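Residue numbers (the numbering used here): 27 to 632.
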(Lines of atoms letter the chains of each structure in order from A and count residues from 1; the text may use other names and numbers.)
(Lines give C-alpha, C1' and ligand atoms only; values in the text may rest on other atoms or scores of the structure.)
Protein backbone atom coordinates (compact mmCIF):
# COMPACT_ATOMS: atom_id res chain seq x y z
CA UNK A 1 0.00 0.00 0.00
CA UNK A 2 2.76 2.42 0.86
CA UNK A 3 4.59 2.12 -2.50
CA UNK A 4 1.31 2.88 -4.29
CA UNK A 5 0.77 5.97 -2.20
CA UNK A 6 4.33 7.05 -2.92
CA UNK A 7 3.81 6.63 -6.68
CA UNK A 8 0.51 8.52 -6.46
CA UNK A 9 2.28 11.34 -4.64
CA UNK A 10 4.96 11.38 -7.32
CA UNK A 11 2.35 11.60 -10.08
CA UNK A 12 0.92 14.74 -8.47
CA UNK A 13 4.19 16.44 -9.47
CA UNK A 14 2.81 16.51 -13.01
CA UNK A 15 -0.33 18.49 -12.11
CA UNK A 16 1.19 22.00 -12.38
CA UNK A 17 2.52 21.13 -15.82
CA UNK A 18 -0.73 19.54 -16.97
CA UNK A 19 -2.53 22.75 -16.02
CA UNK A 20 -0.30 24.67 -18.40
CA UNK A 21 -1.48 22.44 -21.25
CA UNK A 22 -4.85 24.20 -21.34
CA UNK A 23 -3.13 27.19 -22.96
CA UNK A 24 -2.68 25.06 -26.07
CA UNK A 25 -5.99 23.21 -25.79
CA UNK A 26 -7.08 24.03 -29.35
CA UNK A 27 -3.95 22.73 -31.08
CA UNK A 28 -3.82 19.76 -28.72
CA UNK A 29 -7.44 18.92 -29.47
CA UNK A 30 -6.76 19.15 -33.20
CA UNK A 31 -3.78 16.84 -32.77
CA UNK A 32 -5.91 14.36 -30.81
CA UNK A 33 -8.69 14.50 -33.40
CA UNK A 34 -6.24 13.89 -36.24
CA UNK A 35 -4.69 11.01 -34.28
CA UNK A 36 -8.12 9.38 -33.96
CA UNK A 37 -8.82 9.95 -37.66
CA UNK A 38 -5.47 8.37 -38.52
CA UNK A 39 -6.26 5.30 -36.44
CA UNK A 40 -9.78 5.09 -37.87
CA UNK A 41 -8.43 5.33 -41.39
CA UNK A 42 -5.70 2.76 -40.72
CA UNK A 43 -8.01 0.20 -39.10
CA UNK A 44 -10.72 0.90 -41.66
CA UNK A 45 -8.26 0.51 -44.52
CA UNK A 46 -7.02 -2.90 -43.41
CA UNK A 47 -10.50 -4.10 -42.44
CA UNK A 48 -12.08 -2.99 -45.71
CA UNK A 49 -9.21 -4.42 -47.72
CA UNK A 50 -9.60 -7.81 -46.01
CA UNK A 51 -13.35 -7.79 -46.55
CA UNK A 52 -12.95 -6.64 -50.17
CA UNK A 53 -10.47 -9.36 -51.05
CA UNK A 54 -12.55 -12.05 -49.39
CA UNK A 55 -15.82 -10.80 -50.85
CA UNK A 56 -14.24 -10.60 -54.32
CA UNK A 57 -13.01 -14.18 -54.01
CA UNK A 58 -16.46 -15.39 -52.89
CA UNK A 59 -18.19 -13.43 -55.65
CA UNK A 60 -15.92 -14.99 -58.26
CA UNK A 61 -17.17 -18.50 -57.46
CA UNK A 62 -20.10 -18.04 -59.87
CA UNK A 63 -20.86 -15.89 -62.91
CA UNK A 64 -24.04 -14.45 -61.43
CA UNK A 65 -22.45 -13.25 -58.19
CA UNK A 66 -19.40 -11.97 -60.06
CA UNK A 67 -21.55 -9.79 -62.33
CA UNK A 68 -23.72 -8.57 -59.45
CA UNK A 69 -20.83 -7.70 -57.12
CA UNK A 70 -20.02 -3.96 -56.74
CA UNK A 71 -16.25 -3.63 -57.12
CA UNK A 72 -16.11 0.13 -57.46
CA UNK A 73 -17.49 1.31 -54.13
CA UNK A 74 -15.11 -0.79 -51.95
CA UNK A 75 -12.18 0.08 -54.23
CA UNK A 76 -13.03 3.76 -53.89
CA UNK A 77 -13.29 3.30 -50.15
CA UNK A 78 -9.81 1.75 -50.01
CA UNK A 79 -8.34 4.65 -51.98
CA UNK A 80 -10.18 7.20 -49.85
CA UNK A 81 -9.02 5.63 -46.57
CA UNK A 82 -5.41 5.35 -47.76
CA UNK A 83 -5.36 9.02 -48.77
CA UNK A 84 -7.16 10.03 -45.55
CA UNK A 85 -4.65 8.09 -43.46
CA UNK A 86 -1.68 9.75 -45.15
CA UNK A 87 -3.13 13.25 -44.92
CA UNK A 88 -4.33 12.88 -41.32
CA UNK A 89 -0.98 11.38 -40.25
CA UNK A 90 0.84 14.35 -41.76
CA UNK A 91 -1.59 16.80 -40.18
CA UNK A 92 -1.35 14.99 -36.84
CA UNK A 93 2.44 15.30 -36.87
CA UNK A 94 2.21 19.01 -37.65
CA UNK A 95 -0.43 19.70 -34.98
CA UNK A 96 1.09 17.62 -32.17
CA UNK A 97 4.61 18.91 -32.73
CA UNK A 98 3.40 22.50 -33.06
CA UNK A 99 1.54 22.14 -29.78
CA UNK A 100 4.56 20.48 -28.16
CA UNK A 101 7.02 23.18 -29.22
CA UNK A 102 4.67 25.91 -28.01
CA UNK A 103 4.17 24.07 -24.73
CA UNK A 104 7.92 23.71 -24.21
CA UNK A 105 8.36 27.42 -24.95
CA UNK A 106 5.69 28.35 -22.43
CA UNK A 107 7.12 25.89 -19.90
CA UNK A 108 10.55 27.48 -20.17
CA UNK A 109 9.12 31.00 -19.93
CA UNK A 110 7.00 29.98 -16.94
CA UNK A 111 9.97 28.31 -15.25
CA UNK A 112 12.20 31.32 -15.95
CA UNK A 113 9.61 33.72 -14.50
CA UNK A 114 9.47 31.60 -11.35
CA UNK A 115 13.25 31.48 -11.22
CA UNK A 116 13.86 35.23 -11.64
CA UNK A 117 12.69 36.31 -8.14
CA UNK A 118 14.97 33.74 -6.49
CA UNK A 119 18.21 35.09 -5.08
CA UNK A 120 21.58 33.44 -4.58
CA UNK A 121 20.38 32.56 -1.08
CA UNK A 122 17.50 30.55 -2.54
CA UNK A 123 19.73 28.80 -5.10
CA UNK A 124 22.57 27.96 -2.74
CA UNK A 125 24.03 24.52 -3.34
CA UNK A 126 22.66 24.36 -6.88
CA UNK A 127 25.43 24.15 -9.46
CA UNK A 128 25.18 26.15 -12.65
CA UNK A 129 25.35 23.06 -14.84
CA UNK A 130 22.54 21.41 -12.87
CA UNK A 131 20.36 24.51 -13.14
CA UNK A 132 20.97 24.66 -16.89
CA UNK A 133 20.07 20.96 -17.17
CA UNK A 134 16.75 21.59 -15.44
CA UNK A 135 15.90 24.48 -17.75
CA UNK A 136 16.81 22.55 -20.89
CA UNK A 137 16.91 18.76 -20.59
CA UNK A 138 14.29 18.26 -17.86
CA UNK A 139 11.75 20.48 -19.63
CA UNK A 140 12.52 18.68 -22.90
CA UNK A 141 11.70 15.40 -21.14
CA UNK A 142 8.23 16.72 -20.31
CA UNK A 143 7.28 16.68 -24.00
CA UNK A 144 6.63 12.94 -23.49
CA UNK A 145 3.52 13.91 -21.51
CA UNK A 146 1.73 15.10 -24.61
CA UNK A 147 3.46 13.36 -27.52
CA UNK A 148 3.93 9.89 -26.03
CA UNK A 149 1.42 9.72 -23.20
CA UNK A 150 -1.70 11.89 -23.33
CA UNK A 151 -2.34 11.78 -27.09
CA UNK A 152 -1.75 8.03 -27.67
CA UNK A 153 -3.62 7.02 -24.52
CA UNK A 154 -6.65 9.22 -25.25
CA UNK A 155 -6.71 8.29 -28.95
CA UNK A 156 -6.56 4.55 -28.23
CA UNK A 157 -9.32 4.78 -25.61
CA UNK A 158 -11.58 6.66 -28.05
CA UNK A 159 -10.79 4.07 -30.71
CA UNK A 160 -11.87 1.21 -28.43
CA UNK A 161 -15.23 2.92 -28.03
CA UNK A 162 -15.53 3.50 -31.79
CA UNK A 163 -14.65 -0.14 -32.52
CA UNK A 164 -17.32 -1.33 -30.09
CA UNK A 165 -19.99 0.77 -31.78
CA UNK A 166 -18.97 -0.31 -35.28
CA UNK A 167 -18.51 -4.03 -34.64
CA UNK A 168 -21.53 -4.13 -32.31
CA UNK A 169 -23.67 -3.14 -35.27
CA UNK A 170 -22.86 -6.54 -36.81
CA UNK A 171 -22.24 -8.73 -33.76
CA UNK A 172 -22.46 -7.36 -30.17
CA UNK A 173 -20.86 -10.51 -28.75
CA UNK A 174 -17.69 -10.20 -30.83
CA UNK A 175 -17.61 -6.45 -30.17
CA UNK A 176 -17.70 -7.02 -26.42
CA UNK A 177 -14.97 -9.65 -26.53
CA UNK A 178 -12.64 -7.67 -28.81
CA UNK A 179 -13.04 -4.37 -26.98
CA UNK A 180 -12.86 -6.13 -23.62
CA UNK A 181 -9.51 -7.68 -24.56
CA UNK A 182 -8.22 -4.37 -25.93
CA UNK A 183 -9.31 -2.55 -22.78
CA UNK A 184 -7.60 -5.20 -20.64
CA UNK A 185 -4.37 -4.75 -22.58
CA UNK A 186 -4.83 -0.96 -22.38
CA UNK A 187 -4.97 -1.17 -18.58
CA UNK A 188 -2.47 -3.90 -17.73
CA UNK A 189 0.41 -3.47 -20.18
CA UNK A 190 1.14 0.20 -19.40
CA UNK A 191 1.04 -0.51 -15.65
CA UNK A 192 3.41 -3.46 -16.07
CA UNK A 193 5.92 -1.60 -18.17
CA UNK A 194 5.67 1.53 -16.06
CA UNK A 195 7.00 -0.56 -13.19
CA UNK A 196 9.65 -2.19 -15.36
CA UNK A 197 10.76 1.12 -16.83
CA UNK A 198 10.58 3.10 -13.59
CA UNK A 199 14.16 2.58 -12.45
CA UNK A 200 15.87 2.63 -15.88
CA UNK A 201 13.95 5.79 -16.83
CA UNK A 202 15.08 7.70 -13.74
CA UNK A 203 18.63 6.39 -14.07
CA UNK A 204 18.78 7.47 -17.70
CA UNK A 205 17.59 10.97 -16.79
CA UNK A 206 20.07 11.24 -13.91
CA UNK A 207 22.93 9.90 -16.04
CA UNK A 208 22.19 12.49 -18.71
CA UNK A 209 22.29 15.19 -16.05
CA UNK A 210 25.61 13.96 -14.65
CA UNK A 211 27.14 13.77 -18.11
CA UNK A 212 26.04 17.31 -19.00
CA UNK A 213 27.29 18.76 -15.71
CA UNK A 214 30.61 16.91 -15.96
CA UNK A 215 31.02 17.92 -19.60
CA UNK A 216 30.29 21.57 -18.77
CA UNK A 217 32.87 21.58 -15.96
CA UNK A 218 35.41 19.82 -18.17
CA UNK A 219 35.03 22.32 -21.01
CA UNK A 220 34.84 25.46 -18.89
CA UNK A 221 37.80 24.53 -16.71
CA UNK A 222 40.25 23.46 -19.42
CA UNK A 223 42.86 26.08 -18.48
CA UNK A 224 42.70 25.45 -14.72
CA UNK A 225 42.56 21.67 -15.08
CA UNK A 226 45.60 21.69 -17.35
CA UNK A 227 47.47 24.06 -15.04
CA UNK A 228 46.93 21.89 -11.95
CA UNK A 229 47.33 18.55 -13.73
CA UNK A 230 43.74 17.46 -13.08
CA UNK A 231 42.76 17.05 -16.73
CA UNK A 232 43.21 13.21 -16.84
CA UNK A 233 41.14 12.77 -13.68
CA UNK A 234 38.27 14.86 -15.04
CA UNK A 235 38.49 13.11 -18.40
CA UNK A 236 38.21 9.77 -16.58
CA UNK A 237 35.14 11.06 -14.72
CA UNK A 238 33.67 12.16 -18.05
CA UNK A 239 34.26 8.70 -19.56
CA UNK A 240 32.62 7.05 -16.52
CA UNK A 241 29.58 9.34 -16.80
CA UNK A 242 29.27 8.44 -20.48
CA UNK A 243 29.56 4.70 -19.75
CA UNK A 244 26.81 4.96 -17.11
CA UNK A 245 24.55 6.73 -19.59
CA UNK A 246 25.13 4.04 -22.21
CA UNK A 247 24.31 1.35 -19.62
CA UNK A 248 21.04 3.03 -18.59
CA UNK A 249 20.08 3.54 -22.24
CA UNK A 250 20.73 -0.14 -22.90
CA UNK A 251 18.53 -1.07 -19.95
CA UNK A 252 15.73 1.14 -21.27
CA UNK A 253 16.06 -0.35 -24.76
CA UNK A 254 15.66 -3.83 -23.24
CA UNK A 255 12.48 -2.71 -21.46
CA UNK A 256 11.19 -1.30 -24.74
CA UNK A 257 11.95 -4.57 -26.53
CA UNK A 258 10.13 -6.56 -23.85
CA UNK A 259 7.11 -4.26 -24.04
CA UNK A 260 6.88 -4.64 -27.82
CA UNK A 261 7.29 -8.41 -27.60
CA UNK A 262 4.63 -8.68 -24.89
CA UNK A 263 2.27 -6.50 -26.91
CA UNK A 264 2.75 -8.63 -30.04
CA UNK A 265 2.13 -11.77 -27.98
CA UNK A 266 -1.07 -10.39 -26.43
CA UNK A 267 -2.24 -9.08 -29.78
CA UNK A 268 -1.64 -12.48 -31.36
CA UNK A 269 -3.66 -14.11 -28.58
CA UNK A 270 -6.54 -11.69 -29.19
CA UNK A 271 -6.35 -12.41 -32.91
CA UNK A 272 -6.61 -16.17 -32.34
CA UNK A 273 -9.55 -15.74 -29.97
CA UNK A 274 -11.48 -13.53 -32.40
CA UNK A 275 -10.62 -15.80 -35.34
CA UNK A 276 -11.96 -18.80 -33.46
CA UNK A 277 -15.15 -17.09 -32.31
CA UNK A 278 -15.86 -15.41 -35.65
CA UNK A 279 -15.33 -18.64 -37.60
CA UNK A 280 -18.92 -19.68 -36.85
CA UNK A 281 -20.17 -16.54 -38.56
CA UNK A 282 -20.64 -12.87 -37.90
CA UNK A 283 -24.19 -11.69 -37.58
CA UNK A 284 -27.16 -13.65 -38.93
CA UNK A 285 -27.78 -12.55 -42.49
CA UNK A 286 -24.26 -11.74 -43.73
CA UNK A 287 -21.90 -14.01 -45.67
CA UNK A 288 -19.52 -15.57 -43.11
CA UNK A 289 -16.36 -15.52 -45.23
CA UNK A 290 -15.94 -11.78 -45.97
CA UNK A 291 -17.19 -10.75 -42.51
CA UNK A 292 -14.78 -13.18 -40.89
CA UNK A 293 -11.98 -11.49 -42.82
CA UNK A 294 -13.28 -8.07 -41.74
CA UNK A 295 -13.22 -9.03 -38.04
CA UNK A 296 -9.80 -10.70 -38.27
CA UNK A 297 -8.19 -7.87 -40.19
CA UNK A 298 -9.80 -5.33 -37.84
CA UNK A 299 -8.27 -7.16 -34.88
CA UNK A 300 -4.96 -7.31 -36.75
CA UNK A 301 -5.01 -3.55 -37.32
CA UNK A 302 -5.63 -2.78 -33.64
CA UNK A 303 -1.93 -3.19 -32.87
CA UNK A 304 -1.35 0.25 -34.38
CA UNK A 305 -3.25 1.94 -31.58
CA UNK A 306 -1.83 -0.23 -28.80
CA UNK A 307 1.85 -0.02 -29.77
CA UNK A 308 2.38 3.58 -28.56
CA UNK A 309 0.42 2.92 -25.33
CA UNK A 310 2.70 0.09 -24.20
CA UNK A 311 5.80 2.22 -24.66
CA UNK A 312 4.31 5.47 -23.37
CA UNK A 313 4.40 4.59 -19.70
CA UNK A 314 8.07 3.62 -19.81
CA UNK A 315 8.81 7.35 -20.04
CA UNK A 316 6.36 8.31 -17.30
CA UNK A 317 8.90 7.79 -14.51
CA UNK A 318 11.39 10.05 -16.31
CA UNK A 319 8.65 12.68 -16.75
CA UNK A 320 7.77 12.53 -13.06
CA UNK A 321 11.44 12.81 -12.06
CA UNK A 322 11.99 15.75 -14.44
CA UNK A 323 8.83 17.46 -13.17
CA UNK A 324 9.90 17.06 -9.55
CA UNK A 325 13.35 18.52 -10.31
CA UNK A 326 11.84 21.52 -12.09
CA UNK A 327 9.28 21.93 -9.30
CA UNK A 328 12.07 22.13 -6.73
CA UNK A 329 12.93 25.57 -8.08
CA UNK A 330 9.53 26.73 -9.36
CA UNK A 331 7.72 26.04 -6.08
CA UNK A 332 10.23 27.97 -3.98
CA UNK A 333 9.08 31.19 -2.38
CA UNK A 334 11.72 33.93 -2.56
CA UNK A 335 13.35 34.29 0.84
CA UNK A 336 14.18 37.92 0.07
CA UNK A 337 11.06 40.00 -0.44
CA UNK A 338 10.88 43.42 -2.08
CA UNK A 339 8.32 46.15 -1.47
CA UNK A 340 6.66 46.24 -4.89
CA UNK A 341 4.45 49.17 -3.86
CA UNK A 342 7.40 51.39 -2.96
CA UNK A 343 8.00 54.54 -5.02
CA UNK A 344 11.42 55.35 -3.52
CA UNK A 345 14.15 56.01 -6.06
CA UNK A 346 17.92 55.97 -5.62
CA UNK A 347 19.01 59.51 -6.40
CA UNK A 348 22.38 60.16 -4.67
CA UNK A 349 23.74 56.67 -3.98
CA UNK A 350 24.69 57.45 -0.37
CA UNK A 351 25.43 54.18 1.44
CA UNK A 352 25.51 53.47 5.16
CA UNK A 353 26.46 50.09 6.68
CA UNK A 354 25.61 49.70 10.36
CA UNK A 355 26.72 46.79 12.62
CA UNK A 356 26.32 44.22 9.86
CA UNK A 357 26.65 40.53 10.81
CA UNK A 358 26.37 37.77 8.23
CA UNK A 359 27.10 34.07 7.83
CA UNK A 360 25.99 31.80 4.99
CA UNK A 361 23.00 29.76 6.02
CA UNK A 362 22.90 31.56 9.37
CA UNK A 363 25.31 29.00 10.80
CA UNK A 364 29.03 28.61 11.27
CA UNK A 365 31.61 31.34 11.59
CA UNK A 366 30.68 34.87 10.64
CA UNK A 367 31.69 36.05 7.18
CA UNK A 368 30.99 39.65 8.23
CA UNK A 369 31.31 40.63 11.88
CA UNK A 370 30.06 44.05 12.92
CA UNK A 371 30.86 45.89 9.66
CA UNK A 372 30.22 49.59 10.07
CA UNK A 373 31.11 52.39 7.63
CA UNK A 374 29.58 55.06 5.39
CA UNK A 375 29.98 56.10 1.77
CA UNK A 376 28.75 59.64 1.32
CA UNK A 377 27.14 60.77 -1.91
CA UNK A 378 29.81 61.34 -4.55
CA UNK A 379 32.59 59.67 -2.51
CA UNK A 380 34.97 57.07 -3.88
CA UNK A 381 35.62 54.28 -1.35
CA UNK A 382 37.73 51.12 -1.71
CA UNK A 383 37.60 47.84 0.20
CA UNK A 384 40.90 45.96 0.35
CA UNK A 385 41.74 42.62 1.88
CA UNK A 386 42.82 39.09 1.22
CA UNK A 387 40.57 36.57 -0.48
CA UNK A 388 37.85 35.30 1.86
CA UNK A 389 37.72 38.33 4.13
CA UNK A 390 34.09 39.09 3.14
CA UNK A 391 34.39 41.84 0.53
CA UNK A 392 32.26 40.18 -2.17
CA UNK A 393 29.78 38.97 0.44
CA UNK A 394 29.22 42.59 1.46
CA UNK A 395 28.40 43.52 -2.13
CA UNK A 396 25.97 40.59 -2.34
CA UNK A 397 24.15 41.95 0.71
CA UNK A 398 23.93 45.41 -0.84
CA UNK A 399 22.47 43.84 -3.98
CA UNK A 400 20.08 41.80 -1.80
CA UNK A 401 21.30 38.46 -3.04
CA UNK A 402 21.60 37.43 0.61
CA UNK A 403 20.04 38.65 3.83
CA UNK A 404 22.16 39.64 6.83
CA UNK A 405 21.37 38.11 10.22
CA UNK A 406 21.65 41.48 11.96
CA UNK A 407 22.58 45.05 11.20
CA UNK A 408 21.26 47.47 8.63
CA UNK A 409 22.06 48.78 5.16
CA UNK A 410 20.80 52.26 4.34
CA UNK A 411 20.65 53.65 0.80
CA UNK A 412 20.02 57.38 0.55
CA UNK A 413 19.03 57.28 4.22
CA UNK A 414 16.35 54.60 3.75
CA UNK A 415 16.59 50.89 4.61
CA UNK A 416 17.48 48.93 1.52
CA UNK A 417 14.39 46.76 2.13
CA UNK A 418 12.21 49.82 1.45
CA UNK A 419 13.06 49.85 -2.27
CA UNK A 420 11.28 47.88 -4.93
CA UNK A 421 13.41 45.47 -6.92
CA UNK A 422 13.11 47.52 -10.11
CA UNK A 423 14.20 50.76 -8.42
CA UNK A 424 17.05 49.09 -6.56
CA UNK A 425 18.40 47.54 -9.76
CA UNK A 426 17.98 50.83 -11.63
CA UNK A 427 19.84 52.74 -8.93
CA UNK A 428 22.91 50.48 -8.76
CA UNK A 429 25.43 49.82 -11.51
CA UNK A 430 27.56 46.70 -11.03
CA UNK A 431 30.76 45.53 -12.68
CA UNK A 432 31.87 42.14 -11.40
CA UNK A 433 35.08 40.15 -11.70
CA UNK A 434 33.71 38.22 -14.66
CA UNK A 435 32.05 39.91 -17.61
CA UNK A 436 29.24 37.69 -18.85
CA UNK A 437 28.97 37.81 -22.63
CA UNK A 438 26.40 35.82 -24.55
CA UNK A 439 26.46 34.12 -27.93
CA UNK A 440 24.95 36.94 -29.95
CA UNK A 441 25.71 40.20 -31.66
CA UNK A 442 27.55 43.12 -30.13
CA UNK A 443 24.28 45.04 -30.03
CA UNK A 444 22.52 42.23 -28.14
CA UNK A 445 25.22 42.22 -25.45
CA UNK A 446 25.16 46.00 -25.04
CA UNK A 447 21.41 46.63 -24.98
CA UNK A 448 21.12 44.27 -21.99
CA UNK A 449 22.32 47.20 -19.90
CA UNK A 450 19.64 49.57 -21.18
CA UNK A 451 16.58 49.47 -19.00
CA UNK A 452 13.49 49.82 -21.17
CA UNK A 453 11.21 52.65 -20.18
CA UNK A 454 7.75 51.93 -21.53
CA UNK A 455 5.34 54.85 -21.73
CA UNK A 456 1.88 53.36 -21.62
CA UNK A 457 0.21 56.66 -22.56
CA UNK A 458 2.16 57.20 -25.74
CA UNK A 459 0.81 55.91 -29.03
CA UNK A 460 2.54 52.99 -30.76
CA UNK A 461 5.48 53.94 -32.94
CA UNK A 462 5.25 53.61 -36.68
CA UNK A 463 7.76 51.53 -38.61
CA UNK A 464 9.65 54.67 -39.64
CA UNK A 465 9.72 55.93 -36.04
CA UNK A 466 10.97 52.58 -34.76
CA UNK A 467 13.71 52.58 -37.38
CA UNK A 468 14.68 56.13 -36.41
CA UNK A 469 14.79 55.25 -32.70
CA UNK A 470 16.92 52.17 -33.43
CA UNK A 471 19.37 54.20 -35.51
CA UNK A 472 19.62 56.83 -32.76
CA UNK A 473 20.31 54.16 -30.16
CA UNK A 474 22.91 52.52 -32.42
CA UNK A 475 24.67 55.86 -32.76
CA UNK A 476 24.73 56.16 -28.97
CA UNK A 477 26.19 52.65 -28.61
CA UNK A 478 28.91 53.36 -31.16
CA UNK A 479 29.75 56.63 -29.40
CA UNK A 480 30.20 54.86 -26.05
CA UNK A 481 32.26 52.09 -27.66
CA UNK A 482 34.63 54.64 -29.14
CA UNK A 483 34.76 56.46 -25.82
CA UNK A 484 36.10 53.37 -24.01
CA UNK A 485 38.68 52.59 -26.68
CA UNK A 486 36.74 50.01 -28.68
CA UNK A 487 36.74 51.96 -31.91
CA UNK A 488 38.16 48.94 -33.73
CA UNK A 489 34.82 47.17 -33.19
CA UNK A 490 32.85 50.00 -34.79
CA UNK A 491 34.37 49.62 -38.25
CA UNK A 492 32.39 48.27 -41.19
CA UNK A 493 28.87 48.75 -42.53
CA UNK A 494 27.00 47.15 -39.62
CA UNK A 495 29.47 46.98 -36.72
CA UNK A 496 26.86 46.28 -34.04
CA UNK A 497 25.69 43.18 -35.90
CA UNK A 498 29.04 41.43 -35.60
CA UNK A 499 28.92 38.07 -33.79
CA UNK A 500 31.13 37.96 -30.69
CA UNK A 501 30.85 34.22 -30.02
CA UNK A 502 30.02 32.15 -26.96
CA UNK A 503 31.40 33.92 -23.90
CA UNK A 504 32.88 36.65 -26.15
CA UNK A 505 35.61 34.32 -27.38
CA UNK A 506 36.10 36.54 -30.44
CA UNK A 507 37.32 39.31 -28.12
CA UNK A 508 40.45 39.72 -26.03
CA UNK A 509 40.33 39.94 -22.24
CA UNK A 510 40.82 43.70 -22.36
CA UNK A 511 38.01 44.12 -24.91
CA UNK A 512 35.67 42.06 -22.76
CA UNK A 513 36.45 44.26 -19.75
CA UNK A 514 35.81 47.37 -21.82
CA UNK A 515 32.42 46.00 -22.84
CA UNK A 516 31.71 45.69 -19.12
CA UNK A 517 32.61 49.38 -18.82
CA UNK A 518 30.27 50.19 -21.72
CA UNK A 519 27.42 48.43 -19.95
CA UNK A 520 28.16 50.42 -16.81
CA UNK A 521 28.14 53.68 -18.78
CA UNK A 522 24.86 52.79 -20.47
CA UNK A 523 23.33 51.95 -17.10
CA UNK A 524 24.16 55.41 -15.69
CA UNK A 525 23.17 54.60 -12.07
CA UNK A 526 23.99 56.92 -9.11
CA UNK A 527 25.72 54.12 -7.11
CA UNK A 528 28.49 52.05 -8.69
CA UNK A 529 29.70 48.77 -7.21
CA UNK A 530 32.94 47.45 -8.70
CA UNK A 531 34.11 43.96 -7.76
CA UNK A 532 37.69 43.47 -9.00
CA UNK A 533 36.94 45.32 -12.28
CA UNK A 534 40.47 44.80 -13.64
CA UNK A 535 41.02 41.20 -12.55
CA UNK A 536 43.35 39.33 -14.92
CA UNK A 537 44.49 42.38 -16.91
CA UNK A 538 47.99 43.67 -17.42
CA UNK A 539 49.00 46.86 -15.64
CA UNK A 540 48.72 49.13 -18.68
CA UNK A 541 45.22 47.95 -19.58
CA UNK A 542 44.23 48.13 -15.94
CA UNK A 543 45.21 51.79 -15.72
CA UNK A 544 43.31 52.63 -18.91
CA UNK A 545 40.12 50.98 -17.67
CA UNK A 546 40.35 52.54 -14.20
CA UNK A 547 40.80 55.98 -15.78
CA UNK A 548 37.60 55.40 -17.77
CA UNK A 549 35.70 54.20 -14.71
CA UNK A 550 36.81 57.07 -12.48
CA UNK A 551 36.03 59.59 -15.20
CA UNK A 552 32.53 58.16 -15.51
CA UNK A 553 32.10 58.05 -11.69
CA UNK A 554 33.20 61.64 -11.22
CA UNK A 555 29.77 62.75 -9.99
CA UNK A 556 28.62 59.36 -8.69
CA UNK A 557 29.07 57.29 -5.54
CA UNK A 558 31.57 54.48 -5.96
CA UNK A 559 32.39 51.45 -3.81
CA UNK A 560 35.18 49.30 -5.23
CA UNK A 561 36.67 45.98 -4.20
CA UNK A 562 40.23 45.42 -5.30
CA UNK A 563 43.43 43.53 -4.60
CA UNK A 564 45.48 46.17 -6.38
CA UNK A 565 46.51 49.69 -5.42
CA UNK A 566 46.55 51.24 -8.89
CA UNK A 567 44.14 54.12 -8.18
CA UNK A 568 44.07 54.11 -4.39
CA UNK A 569 45.50 57.62 -4.32
CA UNK A 570 42.26 58.84 -5.92
CA UNK A 571 40.01 57.20 -3.35
CA UNK A 572 38.41 59.37 -0.66
CA UNK A 573 38.64 56.53 1.84
CA UNK A 574 40.10 53.03 1.99
CA UNK A 575 38.99 50.25 4.34
CA UNK A 576 41.28 47.30 5.01
CA UNK A 577 39.26 44.17 5.85
CA UNK A 578 40.46 41.14 7.73
CA UNK A 579 38.45 38.10 8.89
CA UNK A 580 35.11 39.80 8.25
CA UNK A 581 35.99 43.02 10.04
CA UNK A 582 37.33 46.42 9.08
CA UNK A 583 40.78 46.50 10.64
CA UNK A 584 41.79 50.02 9.69
CA UNK A 585 40.44 52.88 7.57
CA UNK A 586 41.88 56.05 6.12
CA UNK A 587 43.11 57.81 3.01
CA UNK A 588 45.91 56.49 0.82
CA UNK A 589 48.52 58.79 2.38
CA UNK A 590 47.44 58.19 5.98
CA UNK A 591 47.49 54.40 5.52
CA UNK A 592 50.99 54.57 4.04
CA UNK A 593 52.13 56.25 7.24
CA UNK A 594 50.03 54.35 9.77
CA UNK A 595 49.75 50.77 8.52
CA UNK A 596 52.85 48.67 7.82
CA UNK A 597 50.89 46.04 5.86
CA UNK A 598 49.42 48.60 3.50
CA UNK A 599 52.82 50.27 3.06
CA UNK A 600 54.50 46.95 2.25
CA UNK A 601 51.70 46.06 -0.15
CA UNK A 602 52.17 49.39 -1.88
CA UNK A 603 55.90 48.78 -2.25
CA UNK A 604 55.31 45.31 -3.73
CA UNK A 605 52.62 46.36 -6.20
CA UNK A 606 53.76 49.91 -6.84
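The beta-carbon is built from N, C-alpha and C at its ideal position, and this holds for glycine as well. All values reported here derive from a predicted model rather than from experimental measurement.
Boundaries of the alpha helix (DSSP H) around residue 206: 198-246.
Counting along the chain, residue 408 sits inside the beta strand (DSSP E) bounded by residues 406-410. Contact check for residue 76 against residue 319 passes: the beta carbons are separated by less than 8 Å. Counting along the chain, the unbroken alpha helix (DSSP H) around residue 615 starts and ends at 614-620. Residue pairing by DSSP leaves residue 170 without any beta bridge partner. Cα atoms of residue 157 and residue 150: separation of roughly 11 Å, rounded to the nearest angstrom. The beta-carbon separation of residue 526 and residue 556, rounded to 23 Å, does not stay under the 8 Å limit for a contact.
Residue range 454-457 is occupied by the beta strand (DSSP E) that includes residue 457. Using a C-beta cut-off of 8 Å, the region 536-552 makes contact with the region 571-586, since at least three inter-stretch Cβ pairs fall below that distance. Taking the C-beta atoms as reference points, residue 344 is found no nearer than 8 Å to residue 235.
Exclusion of the five residues before and after residue 593 leaves 572 and 576 as the residues of its chain whose Cβ lies within less than 7 Å of its Cβ.
The Cβ-Cβ distance between residue 109 and residue 134 does not fall below 8 Å. Annotation for residue 399: the continuous beta strand (DSSP E) segment containing it runs 394-401. Runs of the alpha helix (DSSP H) lying entirely within the region 507-567 and spanning at least 4 residues, in chain order: 535-549. DSSP, read as helix, strand or coil, puts residue 365 in coil. Looking from the CA of residue 512, the closest CA among 489, 540, 364 and 367 belongs to 540. If you check the CB distance, residue 602 and residue 622 do not come in under 8 Å. About 32 Å separates the beta carbons of residue 374 and residue 470, which is beyond the 8 Å limit, so they are not a contact pair. Unbroken beta strand (DSSP E) runs of no fewer than 3 residues, entirely contained in the region 570-628, are found at 583-588, 599-604 and 607-612, following chain order. DSSP, read as helix, strand or coil, puts residue 437 in strand. With a threshold of 16 other beta carbon atoms within 10 Å, residue 211 meets it and is buried. For the pair residue 148 and residue 366, the CB atoms are not nearer than the 8 Å cut-off. The beta carbon of residue 277 lies closer than 6 Å to those of 226 in the same chain, with the five residues before and after it left out. Taken through DSSP and simplified to helix, strand or coil, residue 265 comes out as helix. The continuous beta strand (DSSP E) containing residue 383 extends over residues 377-384.
With fewer than 16 other CB atoms across the displayed protein chains lying within 10 angstroms of its CB, residue 90 is exposed. The region 116-130 and the region 46-56 touch, with no fewer than 3 CB-CB distances between them shorter than 8 Å. Secondary structure at residue 391: coil, using DSSP grouped into helix, strand and coil. Annotation: the continuous alpha helix (DSSP H) that includes residue 136 extends over 98-141. Within 10 angstroms of the beta-carbon of residue 341 lie 16 or more other beta-carbons, which makes it buried. Rounded to the nearest angstrom, the gap between the Cα atoms of residue 533 and residue 514 is 11 Å. Here residue 68 is buried. Its C-beta has 16 or more other C-beta atoms within 10 Å.
With a 10 Å radius around the Cβ and a threshold of 16 neighbouring Cβ atoms, residue 250 comes out exposed. Residue 293 places its beta carbon less than 8 Å from that of residue 332.
Leaving aside the five residues that flank residue 224 on each side, the residues in its chain whose CB is nearer than 6 Å to its CB run, in chain order, 343. The Cβ atoms of residue 599 and residue 407 sit closer than 8 Å to each other.
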